[in-house]
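So that you can map any letter, position 21 of the sequence shown is 224 in my numbering, and since no number is skipped, the others follow by simple counting. No residue lacks a Cβ here, since even glycine has one placed at the ideal position from N, Cα and C. Every value quoted in this text rests on a predicted model; they were computed, and no experiment measured them. The structure appears right after this line, and notes come after that.
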Amino acid sequence: MSIVKALAAFCSQSQSQQYIQKVRNLGDAWRTLADSNDAKADDDTIIIETTFDMIMKIKNPTDDKRCAVEFEVPSHQSQSQPVEANQLRHYHIFPDFGTDFIWRNKSDPFYSEGAYIDSSEALASFPSAVLEHYDKWVDTYSEYFKSRCDDTGDFDAAVFPNNREEVAWTVAGYLLAWRIALADEIGSVEYSPESTTYMLEKGKETEMTVAFLKNQLRLSMQGEVII
């Protein structure tokens, strides 16, 4: 099952354009972004440059045994003093209408019951583009939820009008969650867009991303939700 199709579903949606700066080697499965031909780019490596200071590279995406995922943060500068393990931050991101979708996890040194935290506080040390696009991502879900569930009183209704919109939103959140997880002061980010939780920690880039994209591919192939 090719994870390339899940990335194509993400890149082809209009809501995704705000998160993507450049895409290479994804093929013709998407049309709304201009593929940049780079002589230095490896034809077997998909590259997605985001607008929030992160680049994803997937080598050998069609080969489960050789597939490898890397994330790069162009602005990253290592801290002179590593953060002590007991001071690393741990967050849990999941959609909950009326919040910023981010909580301190139980491993966080500042965890307490009801550990909700404002995105502006959680992302205060990040480049402004990270907070800006994270808040846009939250707003996308919140606007759909309000119009399709809250305003109608039908809380069993699908939040998104179709599966491709849901996949696009979920992939954007996954990339944002990884951008947060890659920071020196972050120990882990749990990302729970649906019933599955993905534990994002440095060193688990390939394992988590392949599993995540396979799940998104299954979702994108399901029958369309009727509006």
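Whole-Å CB distance - F363 paired with Y347, under 8 Å assumed:
If you number the sequence shown from 1, residue 363 lands on position 160. If you number the sequence shown from 1, residue 347 lands on position 144. Confirmed, about 6 Å.
Please go through the same chain and pick out, in chain order, the residues whose beta-carbon is closer than 8 Å to the beta-carbon of A209, but skip the five residues on each side of it.
Counted from its first residue, the sequence shown places residue 209 at position 6. Here the set comprises V370, V374, L416, K417, Q419, L420 and S423.
Counting Cβ pairs, one atom from each stretch, are 3 or more of them under 8 Å apart for the stretch 324-338 and the stretch 245-257?
Between the stretch 324-338 and the stretch 245-257 there are three or more inter-stretch CB-CB distances shorter than 8 Å, so the stretches are counted as touching.
CA nearest to the CA of E397, picked from D353, Y337, T355 and H295
Counted from its first residue, the sequence shown places residue 397 at position 194. If we check each option's Cα against that of E397, H295 comes out closest.
Straight-line gap, L291 to N365 (C-alpha atoms, nearest Å)
The residue you call residue 291 lines up with position 88 of the sequence shown. The residue you call residue 365 lines up with position 162 of the sequence shown. Their Cα atoms are separated by approximately 38 Å.
Just how far apart, CA to CA, sit R351 and I206?
Within the sequence shown, residue 351 is the residue found at index 148, counting from 1. Within the sequence shown, residue 206 is the residue found at index 3, counting from 1. Going by the C-alpha atoms only, they are around 30 Å apart.
From I258 to Q280, what does the alpha carbon distance come to, in whole angstroms?
Start at 1 with the first residue of the sequence shown, and residue 258 comes out as number 55. Start at 1 with the first residue of the sequence shown, and residue 280 comes out as number 77. Looking at the two C-alpha atoms, the distance is approximately 15 Å.
For S310 and N289, what's the separation of their Cα atoms in angstroms?
As a working note, residue 310 is residue 107 in the sequence shown. As a working note, residue 289 is residue 86 in the sequence shown. Computed Cα separation, rounded: 9 Å.
Of the choices R227, D266, K268 and V272, whose alpha-carbon is the least far from that of L378?
In the sequence shown, the residue the question calls residue 378 occupies position 175. Distances from the CA of L378 to each of R227, D266, K268 and V272 were compared; the closest alpha carbon is that of V272.
Which term fits R269, buried or exposed, when burial requires 16 or more other beta carbons within 10 angstroms of its beta carbon?
The sequence position of residue 269 within the sequence shown is 66, counting from 1. Counting Cβ neighbours within 10 Å, R269 comes out exposed, since fewer than 16 surround it.
Is the separation between the beta-carbon of S391 and that of F297 shorter than 9 Å?
On the sequence shown, residue 391 is found 188 positions in, with the first residue counted as 1. On the sequence shown, residue 297 is found 94 positions in, with the first residue counted as 1. The answer is no: Cβ separation not under 9 Å.
6 Å CB neighbourhood of T400 in its chain, flanking five on each side removed
As a working note, residue 400 is residue 197 in the sequence shown. By the criterion of a C-beta distance shorter than 6 Å, T400 is surrounded in its chain by E393, once the five residues flanking it on both sides are discounted.
Would you mind sorting E408 into buried or exposed? The rule is 16 or more other CB atoms within 10 Å of its CB.
As a first step, residue 408 is located in the sequence shown; it is residue number 205 there, counting from the start. That one is buried.
Y344 to R367, Cα distance in whole Å?
Translated into the one-based positions of the sequence shown, residue 344 becomes position 141. Translated into the one-based positions of the sequence shown, residue 367 becomes position 164. So the two alpha carbons sit approximately 14 Å from each other.
Which partner residues does L403 have in the DSSP bridge list?
Position 200 of the sequence shown, counted from the first residue, corresponds to residue 403. According to DSSP, which records beta bridges pairwise, L403 is partnered with V392.
Between the alpha carbons of A386 and E324, how many angstroms are there, rounded?
If you number the sequence shown from 1, residue 386 lands on position 183. If you number the sequence shown from 1, residue 324 lands on position 121. When rounded, the separation of the alpha-carbon atoms in A386 and E324 is 15 Å.
When the Cα atoms are used, what is the spatial distance from V413 to Q284?
Residue 413 sits at position 210 when you count from the first residue of the sequence shown. Residue 284 sits at position 81 when you count from the first residue of the sequence shown. Going by the C-alpha atoms only, they are around 33 Å apart.
Residue closest to E287, alpha-carbon to alpha-carbon, out of M402, L403 and E388:
Taking the sequence shown and counting its residues from 1, one reaches residue 287 at position 84. Of the candidates M402, L403 and E388, E388 places its Cα closest to the Cα of E287.
Might you give, ordered along the chain, the residues of its own chain that have their beta carbon closer than 6 Å to the beta carbon of I250, omitting 5 neighbours on each side?
Here residue 250 is taken as the residue at index 47 of the sequence shown, counted from 1. Closer than 6 Å at Cβ, skipping near neighbours: R227 and K260.
Quick one: residues in its chain with C-beta nearer than 6 Å to the C-beta of D267, no 5 flanking neighbours on either side, listed in chain order?
Residue numbering aside, residue 267 sits at position 64 when the sequence shown is read from its first letter. None.
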